[in-house]
Amino acid sequence: MLIRLAIVLAAMPVALVLHLEASSIAPLLIVTALTVLTALMPGSAGAALLIGYAALAMAFADGHPLRLGVLVVIPALHLIHVTSALAAVVPVKTKVELAALKAPARRFAIVQAITFGVTAFAAVIPSGAEIGLVEVLGLGALTVVIGVVALRI
Amino acid sequence: MSRADKIREAFAQSHGAHWHPADAYSRAVWLGVGLVVGGMFLHQVELVLFGVPLVLSVLLTHKPKGTPTVSVRPVPRGAGLGTVHTVAHVDGADAEIAVVKLPGGVKAVPAHSPDLPVEIRRDAWGPGVDLRLDHLFAGPDGMHVYGPIVGVEHVRTILPPVEHHPSGPLPPRPAGLVGIHRSPRAGDSTELRDIRAFQPGDRLKRVDWRVTTRTGVLHVRERHAEADAEVVLALDTRADVGAEVADWSSPHRGATTRPGGSLDRAVRQAASMAAGYLRQGDRVALTDLSRPQLNVRSGVGRRHLMRIRTQLVVCVQAAGWSSYVTLRKLPHGSVVVLLSPFLDDDVAELAVQTRKHGHVVLAINTLPMPLKPDRETPWGEVAAEMIAAEHRLRLRRMAEHGVAVTREC
């Protein structure tokens, strides 16, 4: 129950940001429905739909690519992924020792640190319509490099 | 390979005792790569940034290896009722989280945590499963899973408890050598048993001339046999009923017998009586009225008590309705203790016939009284009263034929 509650808590900022950036109540309803589905059935496609929908909605919304809403949603979506992954392997009425969550929490922090490093890098490189492809390709390549290095570590 | 076989194989690959990727792994790979690549082609930095944590979570984790196990320190199988403590040892190998189903509930612990205390409650006698630790191991971030595994069943057999009954005022005896109760049959000892009229076959040296001259009829002196009393505990395992008449037709689940039911009371009483008689040095046998193959021959001593208690469990395991009841190979002049709810005439008739054959018969009623009628049917009270009246008649009839009857056990 604790981990499922964490899914709901992680989805709340996502719902809030999407609701503030949208002109209708539809995104809030969709995120709420997908959150309920994910919390009840964490092994289902609910988590993937929730993350995918929120990512696309944020990407195609108006505003700066690195606005505050995006920075809030990045860790929230990752947290939804991690908590639903753990909730899928733990039955509902399970007594979870907090020590069991120490390693996932540490890994979450490492991933977020790297991700915000990438975000910072994206913030300082020049952007524009004519060099956008290079910019995005560079980010992708950087992700791969970081990933390979992380694997060796 | 047919389509069904392929589906079955795919299903088997996603479960069981090997490491296999979970849904979270597929989500992280496909969604992460999809967002990063989609962001690159659509020129959307946000999509890339949303996909990066998912890709990184895959790259930072690895597929675990090794065989994680959960083992339990064995518990004595024959220990009595109550609470038993043991520990479960979790060997997580490469796993990160272990999810173990303990008697108190499911617990998620670190895969390399110290031994988990396990409390086993043993509420009822009889055979049963003490513990079965179903478990599952999860790799980093729950992306790979080992299991779920159905744990090994730790079975136990709890013997029926023995309640020590107070013994009556008994004469001094060489304890442990001979029984306190003498066999009622005639024999060659020096102790006088009876003076009766002469019968063909009696020895002339046994003629009691004083009584013969006084009465004018030839009389002989009969002496006791040099043997201990043989007590036969006869158990009626055909019915297991409680005080609630409505529950009689429904099976009881969760225990070998209905707690407080007729069979439970009969077995507890039989074990306690066997202990009491054996402690006094008497020879005790056990017989199942409807399954003679389960009988235990008469014997003495503490090991014999264990044998009887063990066989009582076996009798209860084989319990069920039978169309006949019988008492075979009763030693001459034995004391028969009949434990039954006396719900049919057959067992009452058997008690009377056994008495007529010269045995001392003690009928112990194990039917819980008073009966509680079925409230869901208008005939419930009438039915319960009819059953109780028939039961009373049976007990009275047995008493009239010389059977010692106890109405409550």
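Same order as they appear, the protein sequences are chains G and S. Going by full-length UniProt numbering, the first residue of the first sequence is number 1, and it counts up by one from there. Going by full-length UniProt numbering, the first residue of the second sequence is number 1, and it counts up by one from there. Backbone N, C-alpha and C fix where the C-beta goes; we use that ideal spot for every residue, glycine too.
Cα-Cα separation between residue i and residue j, rounded to whole angstroms
i             : j      : result
H78/G         : V52/S  : 9 Å
Q269/S        : L159/S : 13 Å
V17/G         : I149/S : 42 Å
H165/S        : K329/S : 28 Å
R279/S        : E163/S : 12 Å
P64/S         : A88/G  : 18 Å
A175/S        : V232/S : Because A175/S carries a pLDDT of 48, less than 50, the predicted location of this residue cannot be relied on, and the following value inherits that uncertainty. Taking the straight line joining both Cα atoms gives about 21 Å.
V405/S        : Q353/S : 15 Å
L177/S        : V152/S : In this prediction, L177/S has a pLDDT of 49, which is less than 50 and means its spatial position is unreliable; nothing more can be read from the coordinates.
T143/G        : T38/G  : 28 Å
G260/S        : R355/S : 29 Å
V155/S        : G16/S  : 23 Å
R67/G         : A138/S : 36 Å
P172/S        : V284/S : Note that P172/S has pLDDT 47, beneath the 50 cutoff, so the model's placement of it is unreliable and no number is given.
E9/S          : R27/S  : 22 Å
V82/G         : L54/S  : 9 Å
S322/S        : V145/S : 51 Å
V14/G         : T115/G : 18 Å
H359/S        : A399/S : 14 Å
P341/S        : A197/S : 41 Å
R193/S        : H219/S : 13 Å
H43/S         : V33/S  : 15 Å
A120/G        : H112/S : 37 Å
residue 185/G : G92/S  : With chain G covering 1 to 153 only, the question about residue 185/G has no answer from this structure.
P370/S        : R238/S : 21 Å
R214/S        : E191/S : 22 Å
Whether residue i touches residue j by CB criterion (8 Å)
i             : j      : result
V111/G        : I3/G   : no
R107/G        : D141/S : yes
residue 410/S : G147/G : Outside the modelled stretch of chain S, which goes from 1 to 409, sits residue 410/S, for which no answer is possible.
L116/S        : V87/S  : yes
I364/S        : L395/S : no
L362/S        : L286/S : no
V296/S        : G281/S : no
R135/S        : A108/S : Position check: residue 135/S holds His in this sequence, whereas Arg was assumed. Against a cut-off of 8 Å, the Cβ pair of A108/S and H135/S comes out as no contact.
A351/S        : V313/S : no
L31/S         : I51/G  : yes
R221/S        : D208/S : yes
I7/G          : T35/G  : yes
V45/S         : G39/S  : yes
M1/G          : V92/G  : yes
P200/S        : T157/S : no
G276/S        : P368/S : no
V335/S        : A229/S : yes
Segment limits, beta strand (DSSP E) that includes residue i
i      : result
T119/G : First-last for T119/G: 102-124, but that is the alpha helix (DSSP H), not the beta strand (DSSP E).
F137/S : 135-138
G126/S : 126-132
L233/S : 230-235
R297/S : 296-299
G82/S  : 82-91
P75/G  : Run containing P75/G: none in the beta strand (DSSP E); it sits in the alpha helix (DSSP H), 68-89.
S2/S   : Per DSSP, S2/S belongs to no beta strand (DSSP E) and is neither H nor E.
A98/S  : 97-102
L56/G  : Careful: L56/G lies outside any beta strand (DSSP E), inside the alpha helix (DSSP H) at 46-59.
K95/G  : 94-96
Whole-number beta carbon distance between residue j and residue i, since they are thought to touch under 8 Å
i      : j      : result
P292/S : T326/S : 6 Å
V245/S : A383/S : 7 Å
A100/G : P110/S : 5 Å
L131/S : V72/S  : 6 Å
I7/S   : V75/S  : Going by Cβ atoms, the distance from I7/S to V75/S rounds to 41 Å, so no, they are not a contact pair.
L49/S  : V70/G  : 7 Å
N- and C-terminal bounds of the alpha helix (DSSP H) containing residue i
i      : result
R394/S : 380-400
A285/S : From DSSP, A285/S is part of no alpha helix (DSSP H) but of the beta strand (DSSP E) over 283-288.
Y25/S  : 23-26
G358/S : Neither: G358/S is in no alpha helix (DSSP H) and is coded neither H nor E.
I25/G  : Unbroken run through I25/G: none, as it is neither H nor E.
S322/S : Neither: S322/S is in no alpha helix (DSSP H) and is coded neither H nor E.
D264/S : 262-279
V48/S  : 45-59
H304/S : 302-317
R210/S : 209-215
G333/S : G333/S -> no alpha helix (DSSP H), and no H or E assigned at all.
V37/S  : 32-42
Beta carbon proximity, residue i to chain B, threshold 8 Å
i      : result
D141/S : Given the protein chain composition of this structure (G and S), no chain B is represented.
Exercise. Could you please tell me which residues of the region 113-138 of chain S, in chain order, have their CB closer than 8 Å to any CB of chain G?
Key: Residues of the region 113-138 of chain S with a Cβ closer than 8 Å to any Cβ of chain G, in chain order: S113, L136, A138.
Self-check item: Residues of the region 47-70 of chain S whose Cβ lies closer than 9 Å to any Cβ of chain G, in chain order
Solution: Listed by position along the chain: L47, V48, L49, F50, G51, V52, P53, L54, V55, L56, S57, V58, L59, L60, T61, H62.
Quiz prompt | Contact set between the region 13-43 of chain S and chain G, restricted to residues whose Cβ is under 7 Å from the partner | solution = For the region 13-43 of chain S, which is checked against every Cβ of chain G, the residues closer than 7 Å are A22, D23, A24, R27, A28, L31, L35, V36, G39, M40, H43.
Quiz item: Which of the residues in the region 96-109 of chain G, read from start to end, lie with their CB under 9 Å from any CB of chain S?
Solution: Those would be V96, E97, A99, A100, L101, K102, A103, P104, R107, F108, in chain order.
Self-check item: chain G contacts from the region 78-106 of chain S (Cβ-Cβ distance under 7 Å)
Solution: Listed by position along the chain: E96, I97, V99, G105, V106.
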